[in-house]
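Residue numbers (the numbering used here): 78 to 756.
For every residue, glycine included, the Cβ atom is placed at its ideal position computed from N, Cα and C.
Everything numeric in this text was worked out from a predicted model, so none of it was measured.
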Amino acid sequence: MPTDSITSAEDAPTAVPATAPDLPRVEELLSAAVEAVGGVERPGQIEMVRAVQRAISSGDHLAVQAGTGTGKSLAYLIPSIRHAMSSKGAVIVSTATIALQRQLVDRDLPRLSEALAPRLPHQPTFAILKGRRNYLCRYKAAAGWPEEEQDQLFDPREVNATGRMVQRIQEWAQETETGDRDELVPGVNEQAWRQFSVSSRECLGATRCPSGAECFAELARARAGESDVVVTNHALLAIDAMEDFSLLPEHEVVVVDEAHELVDRVTSVVSGELSEAMVSVTVRRVGRLIEQAISDRLMEAGEQLKDLLAVAPAGRLDELPPVLGMTLALVRDAAWACITALGPRSGGDKDDPEGAGLRKAAFTALDEIHDTAQRMLDAFGHAEEVDRAEVVWLEAATDRRPPLLRIAPLTVAGMLRDKLFGDRTVVLTSATLALGGAFDGLARQWGLGSGDGKGAKDGWRGLDVGSPFDHARSGILYVAKHLPQPGRDGLPEAYLEEITELIEAAGGRTLGLFSSMRAAKAATEALRERLSVPLLCQGDDSTMLLVKQFAEDEPTCLFGTLTLWQGVDVPGPSLRLVIIDRIPFPRPDDPLSSARQRHVTARGGNGFMSVAATHAALLLAQGAGRLLRSQHDKGVVAVLDPRLATARYAGFLRDSLPPFWPTNDPGKVRDALRRLGKG
């Protein structure tokens with residue numbers, strides 16, 4: 078049943094009063110929109126649209142769990158558009174994925190704008206806005222600034238492929254009207270794209286750049302500044318909140334869709350990395366601008382870093398080894414010497430724009446190296462664990478890149494509380510927010526603490542509007558309690574036998590979600606010899622094409638890992654069975670999650686439940702949510718890990734899942750799958 082974590086008479090689902098007399102109520106706008114798209118109003122959707130309107134009016138933050146099929150996009154867009162009509166600023170809608178951004182801009186908002194236009198002062202306008210790196214830089218493309226990163230690609234075939242991509246970008250640059258990287262289909266790799274893009278810090282600025290008047294990023298910002306709704310992503314939202322300069326138009330209200338990913342996306346934005354390859358690229362950028370003796374000093378420091386990282390063991394660094402401390406100090410001081418040698422940051426802007434661009438790029442690279450090295454040094458030396466703010470770890474080399482040092486904050490709660498929630502109203506929504514049946518776990522990660530309902534930016538409320546799907550009648554949650562606990566040595570034979578029997582009963586039509594790519598590939602290789610149905614594995618082709626093939630051919634099965642846990646939407650008979658091999662806890666040796674667990678424990682909390690169990694609950698709920706994607710879908714979610722039935726934390730995890738009918742009986746499950754196959 079839908080539940081509200083703040084209960085009072087004021088929260089009863091009555092009509093929300095109109096704050097602007099000349100604007101229709103949100104209920105009237107919702108009815109018009111649903112009628113226009115040929116849909117049906119749903120109780121959860123009505124409850125959500127009222128709650129979002131109430132939050133905007135009161136200033137309280139709101140977290141809304143809205144299950145698949147609720148129609149949550151309409152439920153937050155309608156109050157957002159209504160607010161934009163009566164205020165000076167836009168409403169910002171932030172999503173985690175490009176797919177949802179495109180769905181909003183290409184499908185939902187055009188239809189909604191047309192449907193609401195007759196009832197509003199003007200037809201609602203909207204725009205999409207991304208980070209500057211996502212737009213082609215006309216000036217960089219014309220000037221041909223060297224990135225010189227080809228030597229970071231170890232495989233010569235990669236270098237050749239990148240060269241072909243560069244040529245394709247050059248051809249596309251002559252015809253594109255938006256400069257948006259997402260127009261490039263198929264896409265290009267980062268090495269190729271960096272030849273034609275700049276970050277916000279590398280940008281000369283519209284007034285100083287020779288191409289400023291026709292800058293794609295500036296044109297996108299201008300369109301956004303004139304729009305009622307601006308669709309962006311969590312990364313740009315975080316950068317806008319954290320930086321001293323504004324990237325987004327003036328706004329009072331933010332809607333965060335896919336809010337379960339907010340913490341991870343913000344963490345990525347505020348994390349840093351340092352490697353010899355970064356230093357080497359920076360030396361080449363700055364070498365022609367300063368005396369060689371000074372740039373050689375940075376090159377030598379980078380070589381020392383390279384030698385050290387090549388022999389150091391990968392993993393989390395709890396204490397700063399003296400040799401690493403000295404090397405980081407050398408890198409920091411050498412970068413600062415180069416910064417000083419470059420002179421004033423604004424030098425040569427008017428007389429030599431090309432030189433100014435090269436200088437700006439050099440300053441940006443040097444600043445990143447200097448600041449990251451200093452940040453890593455500052456991460457150590459705390460007397461108590463509770464005083465530690467960040468974690469540093471060494472990431473081993475791969476076939477595509479050399480080893481590197483990473484640093485990330487142990488929590489982003491304070492940053493979010495001060496920078497995102499501090500002076501605006503925020504609505505957070507997803508199909509998965511109430512973990513263990515409560516919103517408090519994610520609210521603490523967002524910096525909201527416990528919801529007190531006092532309003533005036535100090536309060537927040539959590540609302541679960543449920544789902545229009547009858548989970549107990551449409552789906553079964555099967556936990557294979559009889560199986561052994563999963564080990565570290567791959568899938569046991571008992572698991573392979575169980576998967577085989579389930580897929581045979583389902584007649585294929587199975588999405589297999591595995592905790593690692595190694596497990597997914599091992600299961601695929603073993604089961605292709607046992608099953609007569611087609612079996613695809615993530616990595617065989619592009620994920621988009623694999624999902625398309627899976628959806629179009631009913632007997633086909635698809636195995637994969639993280640992308641599939643959250644990115645698959647296959648309604649209809651092609652998906653009757655979702656298999657989850659094990660509870661998706663983070664790896665015990667994962668540097669960031671293990672450090673966060675320890676930090677929470679040191680502060681008196683339960684590190685395992687706050688970090689590992691919360692992570693697992695989110696992914697389990699997302700994975701289980703792949704099963705029912707339409708009102709007519711039926712099937713089984715099979716979790717092979719018996720700990721979901723036996724462990725002390727099992728109740729928390731099960732309470733995070735949709736309310737399927739539960740069973741531990743494999744015979745009942747196989748019979749149910751056979752009946753579905755005949756239906």
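### Query
Which residues in the same chain have their Cβ closer than 6 angstroms to the Cβ of Y572, if we skip the five residues on either side of it in sequence?
L717.
### Task
Could you check what DSSP says for E226 in three-state terms: helix, strand or coil?
Reliability of the predicted coordinates at E226 is poor, the pLDDT of 49 falling under 50, and no value is obtained from them.
### DSSP-derived helix/strand/coil call for P399
Of the three classes helix, strand and coil, the one that applies to P399 here is helix, per DSSP.
### Message
Just to confirm the assignment, what range does the alpha helix (DSSP H) spanning L151 have?
### Response
First-last of the alpha helix (DSSP H) with L151: 149-162.
### Message
Does Y555 come out as helix, strand or coil in the three-state DSSP assignment?
### Response
Shown here, Y555 sits in a strand according to DSSP, grouped into three states.
### Message
Do G402 and L454 count as a contact pair if the criterion is CB distance below 8 angstroms?
### Response
Closer than 8 angstroms, so yes.
### Task
Could you give the DSSP three-state label for S572: helix, strand or coil?
In the sequence on display, residue 572 carries Tyr and not Ser. Three-state result, Y572: helix.
### Task
Out of K207, E248, E602, G543, state which residue places its alpha-carbon closest to the alpha-carbon of Q122.
If you compare the alpha carbons of K207, E248, E602, G543 with that of Q122, the shortest gap goes to G543.
### Task
Report buried or exposed for N310, applying the criterion of at least 16 other Cβ atoms within 10 angstroms of its Cβ.
Of the residues assessed, N310 falls on the buried side of the cut-off, its CB having 16 or more other CB atoms within 10 angstroms.
### Task
Give the single residue among A603, L612, A722, I446 whose Cα lies nearest to the Cα of K558.
With distances taken between Cα atoms, K558 lies closest to A722.
### Coil, strand or helix - V262 by DSSP
Shown here, V262 sits in coil according to DSSP, grouped into three states, outside any helix or strand.
### Query
Are T172 and E335 closer than 8 angstroms when you measure CB to CB?
In contact: T172 and E335 (Cβ atoms closer than 8 angstroms).
### Task
Count the other C-beta atoms from every protein chain shown that fall within 10 angstroms of the C-beta of Q699, then say buried if there are 16 or more, exposed otherwise.
The residue in question, Q699, is buried, as its Cβ has 16 or more Cβ neighbours within 10 Å.
### Straight-line Cα distance separating A414 from A299
Whole-angstrom Cα-Cα distance: 38 angstroms.
### Query
Between A597 and R653, is the Cβ-Cβ spacing less than 8 angstroms?
Going by C-beta atoms, A597 is not nearer than 8 angstroms to R653.
### Query
Less than 8 angstroms separating the beta-carbons of L497 and A318?
A318 sits close to L497, with the two beta carbons spaced by under 8 angstroms.
### Query
Who are the Cβ neighbours of W738 in its own chain at under 6 angstroms, not counting the five residues just before and after it?
Excluding sequence neighbours, W738 sits near A549, I553.
### Message
Since T441 and R278 should fall inside the 8 angstroms C-beta cutoff, what is the C-beta to C-beta distance between them, to a whole number of angstroms?
### Response
With 8 angstroms as the limit, T441 and R278 qualify as a contact, their Cβ atoms being about 5 angstroms apart.
### Message
Going by DSSP in three states, D461 sits in which element: helix, strand or coil?
### Response
According to the sequence as given, residue 461 is Glu; it is not Asp. Three-state result, E461: coil.
### Query
At a cut of 8 angstroms, does the stretch 454-468 reach the stretch 484-502 through at least three beta carbon pairs?
Because the criterion of three Cβ pairs below 8 angstroms is met, the stretch 454-468 and the stretch 484-502 touch.
### Task
Give the straight-line distance between the Cα atoms of P650 and R586, rounded to the nearest whole angstrom.
The alpha-carbon atoms of P650 and R586 are separated by roughly 7 angstroms.
### Query
D529 to Y555, Cα distance in whole Å?
Reliability of the predicted coordinates at D529 is poor, the pLDDT of 41 falling under 50, and the value obtained from them is presented with this limitation in mind. Going from the Cα of D529 to the Cα of Y555 covers about 37 angstroms.
### Cβ shell of N266 (< 7 angstroms), same chain only, five flanking positions each side left out
The beta carbon of N266 sits closer than 7 angstroms to those of T239, M242, all from its chain and outside the five residues before and after it, given in chain order.
### Query
In angstroms, rounded to a whole number, what distance separates the CA positions of P326 and G208?
Distance between the alpha carbons of P326 and G208: 13 angstroms.
### Task
Look at the alpha carbon of P195 and the alpha carbon of L106, and state the distance between them as a whole number of angstroms.
Taking the straight line from one Cα to the other gives about 10 angstroms.
### Message
Taking the alpha carbon of S707 as the reference point, which residue from V714, V647, I576 has its own alpha carbon closest?
### Response
Ranked by how close their Cα comes to the Cα of S707, the residues V714, V647, I576 have V647 in first place.
### Residues that T309 bridges to, as DSSP identifies them
S171, per the DSSP bridge assignment.
#### Entry: Bounding residues of the beta strand (DSSP E) (the contiguous stretch that carries T601)
Per DSSP, T601 is not a residue of any beta strand (DSSP E); the alpha helix (DSSP H) it occupies stretches across 594-604.
### Task
Report the rounded CA-to-CA distance for V358 versus D321, giving the unit in angstroms.
Across the structure, V358 and D321 are spaced so that their CA atoms are roughly 27 angstroms apart.
### Task
Flag A391 as yes if its beta-carbon sits less than 8 angstroms from any beta-carbon of chain E, otherwise no.
Included in the structure is just one protein chain, with no chain E present.
#### Entry: Coil, strand or helix - D185 by DSSP
In the structure shown, the three-state DSSP call for D185 is helix.
### Task
Put E484 into one of helix, strand or coil per three-state DSSP.
Sequence inspection shows Ile at residue 484; the Glu mentioned does not correspond to that position. In the three-state reduction of the DSSP assignment, I484 falls in the strand class.
#### Entry: Beta bridge counterpart(s) of V655 as assigned by DSSP
For V655, the pairing in a beta bridge is given by DSSP as L588, V714.
### Query
Which first and last residues belong to the beta strand (DSSP E) in which E472 is found?
467-472 is the extent of the beta strand (DSSP E) around E472.
### Task
Assign K149 to one of two classes, buried (16 or more other C-beta atoms within 10 Å of its C-beta) or exposed (fewer than that).
K149 is buried by the Cβ-count criterion.
### Task
Compute the distance between the beta-carbons of V111 and R159, then report whether it is under 8 angstroms.
In this structure, R159 does not lie closer than 8 angstroms to V111 by Cβ.
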